[in-house]
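Peer 1: The sequence shown lines up with residues 24 to 235 when you count with this note's numbering.
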Amino acid sequence: MHAQLWPAFVDAFRFWQPAAGADQPTFDAIVTAIQATPAGNPTITPHCPPVVTDWLGHRPRVPAARALQRLVTAVQATAAQLPWSTMPASYAGPELAGAYAFVELVGPRPAEGPGPVWSSEQVLAGLTIQGPNIFYASHWHPAIEFYGVLSGEGEWQVDDGGWVRRPAGSLIYHATNQPHAMRTLTEPMLTLFAWYGDLETNPLVGEKIATD
24 MHAQLWPAFV DAFRFWQPAA GADQPTFDAI VTAIQATPAG NPTITPHCPP VVTDWLGHRP
84 RVPAARALQR LVTAVQATAA QLPWSTMPAS YAGPELAGAY AFVELVGPRP AEGPGPVWSS
144 EQVLAGLTIQ GPNIFYASHW HPAIEFYGVL SGEGEWQVDD GGWVRRPAGS LIYHATNQPH
204 AMRTLTEPML TLFAWYGDLE TNPLVGEKIA TD
């Protein structure tokens with residue numbers, strides 16, 4: 024798994040560095056932290072929820088960039104071996120709980136539980152899969168966040184602005200505590216994500232805090 028997924032994951036972040044624009048210093052720090060992560064051969068317990076299985080059975084639309092295509096191919100080959108997590112219904116409702124999964128590939132080790140695949144105290148980064156026609160309500164968190172759309176497409180709303188379509192290949196930035204919402208269209212969406220800064224504080228969705 025490591026030999027295929029890790030290099031492609033790092034290369035995708037490198038590919039997006041020029042697209043970060045005014046936010047490039049933060050994105051550069053994320054890339055530096057990821058590259059510095061010791062990427063050995065971890066022992067993990069796979070968990071592949073239905074939304075991931077459904078994505079594996081779907082022929083995704085992928086970006087033209089070869090660096091991103093390589094990561095999509097690597098995810099297709101290794102997704103069933105990864106420790107995916109799902110959202111609790113108490114966080115944002117039962118629909119999202121059954122149609123959204125994420126895996127933390129790099130990040131701090133928790134006091135209990137398996138945590139990310141590879142350990143880093145500087146950055147939290149991984150992958151998400153969101154099923155088709157699924158709304159992820161407005162939420163926010165202290166961590167600075169980047170999303171990169173790897174396959175499919177979605178629409179993003181930031182603050183109280185309008186919805187903006189983000190096809191595969193798009194890089195999206197969220198500032199500290201900036202409200203943002205996402206919704207998918209007729210196909211599932213695969214993204215990579217990275218948090219930087221406060222990696223401990225859970226997101227807020229509306230008036231609810233994510234405690235699970």
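Ideal placement from N, C-alpha and C gives every residue a C-beta, glycine not left out. Predicted model only: the values in this text are computed from it and were never measured.
In this structure, does DSSP put G121 in helix, strand or coil?
Peer 2: Here G121 sits in helix by DSSP.
Peer 1: To the nearest angstrom, report how far apart D221 and N64 are at their CA atoms.
Peer 2: Whole-angstrom Cα-Cα distance: 27 Å.
Peer 1: Is it buried or exposed, V187, if we count other Cβ atoms within 10 angstroms and call 16 or more buried?
Peer 2: When all chains shown are included, V187 counts as exposed.
Peer 1: Please report the Cβ distance between I53 and V140, rounded to the nearest whole angstrom; I am assuming they are in contact, meaning their Cβ atoms lie under 8 Å.
Peer 2: Wrong, their Cβ atoms sit about 17 Å apart, outside the cutoff.
Peer 1: Express the C-alpha separation of A43 and I157 in angstroms, rounding to a whole number.
Peer 2: In a straight line, the C-alpha of I157 is about 27 Å away from that of A43.
Peer 1: Measure the C-alpha to C-alpha separation of P61 and L194 and round it to an integer number of angstroms.
Peer 2: Near 26 Å, if we compare the C-alpha coordinates of L194 and P61.
Peer 1: Can you list the alpha helix (DSSP H) stretches of 4 or more residues lying completely in the region 28-74, in chain order?
Peer 2: Counting only runs of 4 or more, we get 47-58.
Peer 1: Between the alpha carbons of A90 and A35, how many angstroms are there, rounded?
Peer 2: Between A90 and A35, the C-alpha separation is close to 6 Å.
Peer 1: Can you have a look at S113 and say buried or exposed, based on whether 16 or more other CB atoms are within 10 angstroms of its CB?
Peer 2: Its Cβ having fewer than 16 others within 10 Å, S113 is exposed.
Peer 1: Taking the straight line between their C-alpha atoms, what separation do you get for R93 and T101?
Peer 2: The straight-line gap from Cα to Cα measures roughly 12 Å.
Peer 1: Per DSSP, what are the beta-bridge partners of R189 in this structure?
Peer 2: BP columns for R189 point to G177.
Peer 1: Mind listing, in chain order, the continuous beta strand (DSSP E) runs of no fewer than 3 residues lying wholly within the region 101-150?
Peer 2: Entirely contained in the region 101-150, the beta strand (DSSP E) runs reaching 3 residues are, in chain order, 123-130.
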